[in-house]
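S.K.:
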Amino acid sequence: EAGVVQSPRYKIIEKKQPVAFWCNPISGHNTLYWYRQNLGQGPELLIRYENEEAVDDSQLPKDRFSAERLKGVDSTLKIQPAELGDSAVYLCASSLDTGLGVMETQYFGPGTRLLVL
Amino acid sequence: GNSVTQMEGPVTLSEEAFLTINCTYTATGYPSLFWYVQYPGEGLQLLLKATKADDKGSNKGFEATYRKETTSFHLEKGSVQVSDSAVYFCALKGYNKLIFGAGTRLAVHP
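Here the protein sequences line up with chains A and B, keeping their order. Okay, so the first sequence: first residue is 479 according to our numbering, each after it adds one. Okay, so the second sequence: first residue is 2 according to our numbering, each after it adds one.
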């Protein structure tokens, strides 16, 4: 079974440019997460989707970041315009949650490493 | 708020040495606890988990016991291998999301 797929793996852009990351979760997984991992730190949640609905976006900087999950499958995370401080690894994860109050295992993709110059 | 604190790395060991990576947490209630591992160039993988006090999670020779009295979830392995070299993250589940520690890099040399 294929794991979580992310693209691109690496991206270098100049500040003020837009950038987008794509994630394809494991087939059948209803919950999708975007995390940001700064150098030397653990991942921090940006947004969580249950199917098409963003149920937790409290940590998403909404002035420049946006995300969508059309049809409850693939997701795109966008930054516009990018700033120097956005340099990080952006991780996507997915899980199959049954809604019974037990958070199931999250499976992570390899991440997109972003460098803003 | 909820938080996780891990021992700073890097941890450098010889093959077959005993490993301990300390993890303590602050949380409301009794959250589920996890250890994730990140090998070079790969995504995070769940290594083991424990969902209630005194539970012991284990996998691939690694173990961790949920200690409520000391709010700890230390990772141990009796004999490390070069292939265990990676970054290890302790995490807790809070409000339907994972909260991670900063990670501890382990380097095992022959």
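Glycine residues also receive a C-beta, built at the ideal position from the N, C-alpha and C atoms.
1. List, in chain order, every chain B residue whose beta-carbon is nearer than 9 Å to that of V482 of chain A.
2. Could you check whether the Cβ of F90 of chain B sits closer than 8 Å to any Cβ belonging to chain A?
3. Please confirm if A103 of chain B has its CB atom under 8 Å from at least one CB of chain A.
4. In chain B, which residues lie with their C-beta within 9 Å of the C-beta of R526 of chain A?
5. Which residue marks the beginning of the beta strand (DSSP E) containing Y37 of chain B, and which one marks its end?
6. Compare the C-beta of L569 of chain A with all C-beta atoms of chain B and state if any pair is closer than 8 Å.
7. Under 8 Å by Cβ, that's how I've got P503 of chain A and K556 of chain A pegged, so tell me the actual separation to the nearest angstrom.
8. In three-state DSSP terms, what is V83 of chain B?
9. Checking contacts by CB at 8 Å: is L112 of chain B closer than that to chain A?
M.R.: Based on what the coordinates show:
1. Counted from its first residue, the first sequence places residue 482 of chain A at position 4. Those within 9 Å of V482 of chain A in chain B are G44.
2. The residue given as residue 90 of chain B occupies position 89 in the second sequence. Yes, its Cβ sits closer than 8 Å to a Cβ of chain A.
3. Within the second sequence, the letter at position 102 stands for residue 103 of chain B. Output row for A103 of chain B: interface = yes.
4. If you number the first sequence from 1, residue 526 of chain A lands on position 48. Simply N97 and K98.
5. Indexing the second sequence from 1 puts residue 37 of chain B at position 36. Start and end: L34 to Q39.
6. As a first step, residue 569 of chain A must be located in the first sequence, where it is residue number 91. For L569 of chain A, the answer is yes, since a Cβ of chain B falls inside 8 Å of its Cβ.
7. Position 25 of the first sequence, counting from 1, holds the residue named residue 503 of chain A. Position 78 of the first sequence, counting from 1, holds the residue named residue 556 of chain A. Contact flag wrong, Cβ pair sits at about 18 Å.
8. Along the second sequence, read from residue 1 onward, the residue named residue 83 of chain B stands at position 82. Helix, per DSSP.
9. The question about residue 112 of chain B has no answer, for chain B in this structure spans 2 to 111.
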